[in-house]
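Here is the structure we will look at.
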Amino acid sequence: MSRPSFAIIIPARYASTRFPAKPLAPLIGATGVAKSLIERSWECASSVAGSAGVWVATDDERIAEAVTAFGGQVVMTSESCENGTVRCAEAAAKLGDVAEVFVNLQGDAPLSPNFIVTELVDALVADPEALMATPAVRCSRGVYEHLIADQMAGRVGGTTVVIGRNGRAIYFSKRVLPYLPAKAAEASEPPVHLHLGLYAYRRTALELYAGASPCELEELEGLEQLRFLDMGLPVRVVPIDRLDWDSIELNNPSDTPVIEAILKERGIV
């Protein structure tokens with residue numbers, strides 16, 4: 003089967019409890035040039051071949067002005083969007099028939115591997131019952147230690163996912179799951195999967211999601227994707243090989259120097 007058309011949406015909001023104005027936070031690249039987080043996320047999305055277009059979905063004029071200034075496209079959404087998936091649903095409705103599948107590339111994940119986008123779209127073709135697909139990578143030693151350090155310090159860091167033998171998500175958590183005995187925890191590649199902040203949705207998935215109320219687990223964990231599981235909607239997890247770099251999200255100000263070091267190491271200007 004041929005790959006369906008897809009568009010990339012980057013949801014971005016200004017008011018973050020942990021990191022206010024995060025989309026506009028500067029990140030210094032390999033040549034010493036600072037670009038905002040949202041611009042680096044947009045550059046990542048724009049490097050994906052074959053998309054019907056890239057849009058930043060926001061309710062904030064400051065973000066919209068910044069995106070327009072670097073040449074990006076914006077779709078304005080309401081302030082009432084409680085999370086990125088709802089914002090994507092509203093953006094998709096406004097954009098109309100630009101694509102069959104909508105990919106949510108979160109605005110705090112500038113190190114996301116761009117090749118994953120088409121793999122997510124292809125995963126929906128291979129699994130017709132799945133309404134949403136999302137990637138996970140087995141943790142490197144460095145990523146695992148970063149997650150554990152955040153957890154020990156009481157910081158909310160990356161998200162882990164537990165995957166069933168059928169390739170579907172069992173659970174997502176901001177805790178490091180599953181629990182590991184000492185031997186497994188000391189492995190060079192601990193059996194923990196880091197969830198990467200990308201989602202590919204069928205239009206039906208966005209409509210069903212936006213029409214449902216938040217569930218308790220979603221509100222407790224602060225993870226929007228748990229609403230899909232609570233509704234009994236199958237979520238395909240696309241496993242990817244361990245990356246040559248640590249795909250760390252900008253969740254806290256303390257993540258900035260870590261991400262900047264990776265940008266420098268990878269030669270990203």
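Counting from 3, one number per residue, gives the positions in the sequence shown under my numbering. C-beta: ideal position from N, C-alpha, C; glycine also.
#### Entry: CA-to-CA distance, residue 238 to residue 206, given in whole angstroms
Here the question's residue 206 lines up with position 204 in the sequence shown. Here the question's residue 238 lines up with position 236 in the sequence shown. One C-alpha to the other measures close to 15 Å.
### Task
Could you tell me whether the region 81 to 98 touches the region 9 to 19, using the rule of 3 or more Cβ pairs below 8 Å?
yes
#### Entry: Whole-angstrom distance between residue 132 and residue 34, CA atom to CA atom
Within the sequence shown, residue 34 is the residue found at index 32, counting from 1. Within the sequence shown, residue 132 is the residue found at index 130, counting from 1. If I take the Cα positions, the gap works out to 43 Å.
### Task
Ignoring anything shorter than 3 residues or poking outside the region 153 to 240, list the beta strand (DSSP E) runs there in chain order.
161 to 165, 171 to 175, 195 to 197 and 200 to 204
### Query
So what's residue 255 in DSSP terms, helix, strand or just coil?
Taking the first residue of the sequence shown as 1, we reach residue 255 at position 253. Here residue 255 sits in helix by DSSP.
### Task
Pull up the DSSP beta-bridge partners for residue 143, would you.
Working through the sequence shown from its first residue, we reach residue 143 at position 141. Residue 143 pairs with nothing; no bridge assigned.
### Task
Tell me whether the beta-carbon of residue 231 lies closer than 8 Å to the beta-carbon of residue 24.
For the purposes of this step, residue 231 is identified with residue 229 of the sequence shown, where counting begins at 1. For the purposes of this step, residue 24 is identified with residue 22 of the sequence shown, where counting begins at 1. Not closer than 8 Å, so no.
### Message
Taking the alpha-carbon of residue 100 as reference, which of 56, 113 and 84 has the nearest alpha-carbon?
### Response
As a first step, residue 100 must be located in the sequence shown, where it is residue number 98. If we check each option's Cα against that of residue 100, 56 comes out closest.
### Message
Can you tell me whether residue 106 is buried or exposed? The criterion is at least 16 other CB atoms within 10 Å of its CB, across all chains shown.
### Response
Position 104 of the sequence shown, counted from the start, is the residue given in the question as residue 106. Burial call: buried.
### Message
Using the Cβ count rule (16 or more neighbours within 10 Å means buried), how would you classify residue 243?
### Response
As a working note, residue 243 is residue 241 in the sequence shown. By the neighbour-count rule (16 or more Cβ atoms within 10 Å), residue 243 is not buried but exposed.
### Task
Give the secondary structure of residue 70 by DSSP, where H, G and I count as helix, E and B as strand, and everything else as coil.
Here residue 70 refers to the residue found at position 68 when the sequence shown is read from its first residue. Looking at residue 70 - three-state DSSP - the assignment turns out to be helix.
### Task
Put residue 87 into one of helix, strand or coil per three-state DSSP.
Against the sequence shown, residue 87 aligns to sequence position 85. Residue 87 falls in the helix class under three-state DSSP.
### Task
Could you tell me which residues DSSP puts in a beta bridge with residue 38?
Translated into positions along the sequence shown, residue 38 becomes position 36. According to DSSP, residue 38 bridges with 28.
### Query
Does the distance from the C-beta atom of residue 58 to that of residue 40 stay below 8 Å?
The count along the sequence shown starts at 1 and reaches residue 58 at position 56. The count along the sequence shown starts at 1 and reaches residue 40 at position 38. Against a cut-off of 8 Å, the Cβ pair of residue 40 and residue 58 comes out as a contact.
### Proximity winner among 123, 268, 76 and 63, relative to residue 52 (alpha-carbon distances)
For the purposes of this step, residue 52 is taken as the residue at position 50 of the sequence shown. Considering only alpha carbons, the answer is 123.
### Task
Please report the Cβ distance between residue 192 and residue 146, rounded to the nearest whole angstrom; I am assuming they are in contact, meaning their Cβ atoms lie under 8 Å.
Taking the sequence shown and counting its residues from 1, one reaches residue 192 at position 190. Taking the sequence shown and counting its residues from 1, one reaches residue 146 at position 144. Contact holds; Cβ gap of about 5 Å.
### Task
Would you mind reading off the limits of the beta strand (DSSP E) that contains residue 10?
As a working note, residue 10 is residue 8 in the sequence shown. Element bounds for residue 10: 8 to 14.
### Query
What three-state label does DSSP hand residue 135 in the structure shown?
Within the sequence shown, numbered from 1, the residue matching residue 135 stands at position 133. Strand.
### residue 85 versus residue 38: straight-line alpha-carbon distance, rounded
The sequence position of residue 85 within the sequence shown is 83, counting from 1. The sequence position of residue 38 within the sequence shown is 36, counting from 1. Roughly 21 Å separates the two Cα atoms.
### Query
Using the beta-carbon count (16 or more within 10 Å), is residue 115 buried or exposed?
Here the question's residue 115 lines up with position 113 in the sequence shown. With 16 or more Cβ atoms within 10 Å of its Cβ, residue 115 is classed as buried.
### Query
Taking the alpha helix (DSSP H) that residue 128 falls in, what are its first and last residues?
Within the sequence shown, residue 128 is the residue found at index 126, counting from 1. Segment 118 to 128, the alpha helix (DSSP H) holding residue 128.
### Message
Please state whether the Cβ-Cβ distance between residue 160 and residue 196 is less than 8 Å.
### Response
Looking up residue 160 in the sequence shown gives position 158. Looking up residue 196 in the sequence shown gives position 194. Yes, they are a contact pair.
### Query
Grouping DSSP H, G and I as helix and E and B as strand, with all else coil, what is residue 56?
By one-based count along the sequence shown, residue 56 stands at place 54. Three-state DSSP puts residue 56 in a strand.
### Message
Please report the distance separating the alpha-carbon of residue 200 from that of residue 151.
### Response
The residue given as residue 200 occupies position 198 in the sequence shown. The residue given as residue 151 occupies position 149 in the sequence shown. For residue 200 and residue 151, the distance between alpha carbons rounds to 24 Å.
### Message
With a threshold of 8 Å between beta carbons, is residue 166 in contact with chain C?
### Response
No chain C appears in this structure, which consists of one protein chain only.
### Close-in-space but distant-in-sequence residues of the same chain around residue 79 (CB under 7 Å, 5 per side omitted)
Position 77 of the sequence shown, counting from 1, holds the residue named residue 79. Correct list, in chain order: 59, 60, 61, 89, 92 and 93.
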